[in-house]
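The next block holds one structure in the form of structure tokens; read it before the comments.
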Amino acid sequence: MKKKFFVTTPIYYPNDKLHIGHAYTTVLADYVNRYKKMQGFETMFLTGSDEHGQKIYEEAKKKNEDPLAFVTKIIDGFKKLWKEIDVDYDIFLRTTDKEHKKYVSDSFTDLQNKGFIYKSKYEDFYCKYDEAHFTKYQAKDGNCPVCKRELQKLSEDSYFLSISKYKDWIKNKLENSNILEPKSRVNELINNFINELSDLSISRTSFDWGIKIDNDNKHIIYVWLDALQNYLSALTYPESKFSVDEVWNKNSDVEILQFVGKEIIRFHCIYWPIILKMKDYRSPFVLAHGWLVSDDGDKMSKSKGNVVDPLDLIKLYDSDSLRFYLVNNISLGEDGKFSQNLLEDMINGILVNKYSNLVARTDAMVKKYFNGMVPKNNNDFRESKDLKIKLKELREKYFEKMDSYKFSDSTKILINYIEEINGFIDKTEPWKISGSKLEMVLNNLITEIFNVTLLFSSILVKTSNKVYNWLCINYIPTFEDFDKDFSNVKLGKIDFLFKRIPKEIKND
Ligand code: MSP
113 MKKKFFVTTP
123 IYYPNDKLHI
133 GHAYTTVLAD
143 YVNRYKKMQG
153 FETMFLTGSD
163 EHGQKIYEEA
173 KKKNEDPLAF
183 VTKIIDGFKK
193 LWKEIDVDYD
203 IFLRTTDKEH
213 KKYVSDSFTD
223 LQNKGFIYKS
233 KYEDFYCKYD
243 EAHFTKYQAK
253 DGNCPVCKRE
263 LQKLSEDSYF
273 LSISKYKDWI
283 KNKLENSNIL
293 EPKSRVNELI
303 NNFINELSDL
313 SISRTSFDWG
323 IKIDNDNKHI
333 IYVWLDALQN
343 YLSALTYPES
353 KFSVDEVWNK
363 NSDVEILQFV
373 GKEIIRFHCI
383 YWPIILKMKD
393 YRSPFVLAHG
403 WLVSDDGDKM
413 SKSKGNVVDP
423 LDLIKLYDSD
433 SLRFYLVNNI
443 SLGEDGKFSQ
453 NLLEDMINGI
463 LVNKYSNLVA
473 RTDAMVKKYF
483 NGMVPKNNND
493 FRESKDLKIK
503 LKELREKYFE
513 KMDSYKFSDS
523 TKILINYIEE
533 INGFIDKTEP
543 WKISGSKLEM
553 VLNNLITEIF
563 NVTLLFSSIL
573 VKTSNKVYNW
583 LCINYIPTFE
593 DFDKDFSNVK
603 LGKIDFLFKR
613 IPKEIKND
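With our numbering, letter number 218 in the sequence shown gets 330, and the count goes up by one each step, no holes.
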């Protein structure tokens, strides 16, 4: 039976179009999902939109629009972006979908019947921009500790989820099992949130844009209980490849990977495992990444007005370059800079100089010396054996990095791989040799370009298709095809895979 892999991104708020920070998380998820497919896994990739809540309700009201109509337009933009940047999800879940609403509503009743939910008064401070609540200790000066805007004091009837009784359980879980990486975040969570863990308010009566509570229609379910359960409800959709039980039961061997940005770790590594525990399911595995920051180190966010629209970048450059930058140039887990200048340096320095040039040089040589026909294989040369050993090692290293989720390290291995192939050309100087040695060099070059392209294909989606066309491959190759022999294949046409960006006409 095939091994199974379930990967998720946070579901994004549709209060405005997405920026490059959102593209970052989603491209990471797409990269690993494609890789797992190549490894022979049956995979499911879930993303979507988190549509309820006060902030979205108010945005829609400001524009005099019905909230659903308002978010639907924005979501069309999300889907357009995912298409353009080759994000190939299986389910795009909207929290307004009927399946999701039903799941959340039934789940409320179920948790209530099991005694995990009670009604009381809710009083605290709320930041509608961050959709976060703060205790009076956190809101010392009446301003939001995150965005510094003024907080609202709230007091209303509310249902509560009794999570505080799981304080020791979650602390122990965080300390002793592997639910969160990087590990450095675990202590932060324990120090900042677990010690003061109180029950979670899970309903509101002050607005009605949300999922209504069945027997108490004045209340709608407060966003995080609604949103987090998308990772369960999606598995009840007709198009879902996996079932809820298959993924979340305690003995499941489905590999789970949930990407989140660092500011929502708390919800995913405290509330979420506790909700799962209440349902008698297993805990998640969460991989937290840092933020994309502008050149001056500021988090990119809509409210700061310093966001970059990935669709503009794709128009100006191309989607593969952007995908590659996001995975390669941002160290996973840390904040990373984005600017057009840095993107251009990466394109010129890596994609053009190393990869595109390698393909162009090899294409020119096969066309010049063999009329475009790949010469036959002859492995008796020492140079060929050395190259193969070295590249096999790199391939193993690449798998090791990918399998341990070191995604930003994985691309460095691919760059080494290309450097080794370029080094092989410099060492063997094909323009000075002839006969079987020249045949060996060019045959090896083609095979290794194919091998490295296979490895790249999870990230450089459009580019790898161009290389496959050039090599006359008319199926979608997988890792089973490594070291394919291209003897006697007539190479097709190929344009430069990446074009050098002239730095002087850069538009800032
Ligand atoms: N709706 C919630 C998530 C619910 S999941 C059950 C939410 N939405 S969000 O649209 O505000 O953010 C979604 C994700 O985008 C978060 O993981 C967040 O960290 C990420 N990013 C937002 N700005 C970012 C950067 N500048 N850089 C990297 N990621 C960023 O939170």
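Positions of the beta carbon are idealized from the N, C-alpha and C atoms, including for glycine.
From a predicted model like this one, the values you see are computed outputs, not experimental measurements.
Which same chain residues, not among the five before or five after residue i, have their C-beta less than 6 Å away from its C-beta?
i      : result
Lys411 : Trp403 and Val405
Ile186 : Pro126
Val199 : Thr138 and Asp142
Tyr271 : Ile229, Lys231, Ile314 and Ser315
Lys502 : Glu532
Lys618 : Low confidence applies here, because Lys618 scores a pLDDT of 48, under 50, leaving its location unreliable and the question unanswered by this model.
Gly461 : none
Asn540 : In the sequence as displayed, the identity of residue 540 is Thr instead of Asn. Taken in chain order, the residues that qualify are Glu495 and Val553.
Asp620 : Per-residue confidence for Asp620 stands at a pLDDT of 48, beneath the threshold of 50, marking its modelled position as unreliable; the derived number appears in the next sentence. Once the five neighbours on either side are set aside, Asp620 has no close Cβ partner at all.
Glu592 : none
His380 : Val372 and Val398
Identify every residue that forms a DSSP beta bridge with residue i.
i      : result
Phe204 : Thr159
His131 : Beta-bridge pairing links His131 to no other residue.
Lys602 : Met485
Leu404 : Gly448
Val372 : Ala400
Asp328 : Ile325
Glu154 : Lys116
Lys411 : Val405
Glu367 : Phe117
Secondary structure at residue i, three-state DSSP: helix, strand or coil?
i      : result
Tyr238 : strand
Gln341 : coil
Ile186 : helix
Asp498 : helix
Lys248 : coil
His164 : coil
Val119 : strand
Asn490 : coil
Tyr143 : helix
Tyr125 : coil
Ser232 : strand
Lys175 : coil
Asn255 : strand
Ile530 : helix
Glu351 : coil
Ile525 : helix
Glu541 : coil
Glu362 : A quick correction: the sequence has Lys, not Glu, at residue 362. Of the three classes helix, strand and coil, the one that applies to Lys362 here is coil, per DSSP.
Ile333 : strand
Glu243 : coil
Tyr517 : coil
Asp357 : helix
Gly535 : helix
Ser395 : coil
Gly227 : coil
Val216 : helix
Ser546 : coil
Asp320 : coil
Spatial neighbours of residue i within its chain, please: C-beta separation below 7 Å, excluding the five flanking residues on both sides.
i      : result
Phe204 : Thr159, Gly160 and Lys191
Tyr334 : Ser313, Ile314, Ser315 and Arg316
Ser311 : The identity of residue 311 in the sequence shown is Asp, whereas the question assumes Ser. Cβ within range, chain order: Phe272, Leu273, Ser274, Ile275 and Ser276.
Ser520 : Val439, Asn440, Ile442, Ser443 and Leu444
Thr590 : Met150
Tyr124 : Leu130, His134, Ser161, Asp162 and Phe190
Got a sec? Which residues, its chain only, sit under 8 Å from residue i by beta carbon, not counting five neighbours each side?
i      : result
Asn53  : Absent from the model: residue 53. The displayed extent of the chain is 113 to 620, so no value can be given.
Pro257 : Phe246, Gln250 and Ala251
Tyr234 : Leu266, Ser267, Glu268, Asp269, Ser270, Phe272 and Ser313
List in chain order: all unbroken alpha helix (DSSP H) runs of 4+ residues lying wholly within the segment 259 to 318.
279 to 288 and 296 to 301
Extract the residue ranges of the alpha helix (DSSP H) inside the segment 568 to 615, only unbroken runs of 4 or more that lie entirely within it.
573 to 582
Kindly provide the ranges of any alpha helix (DSSP H) runs that are 4 or more residues long and lie completely inside the segment 413 to 480, ordered along the chain.
422 to 428, 431 to 441 and 452 to 458
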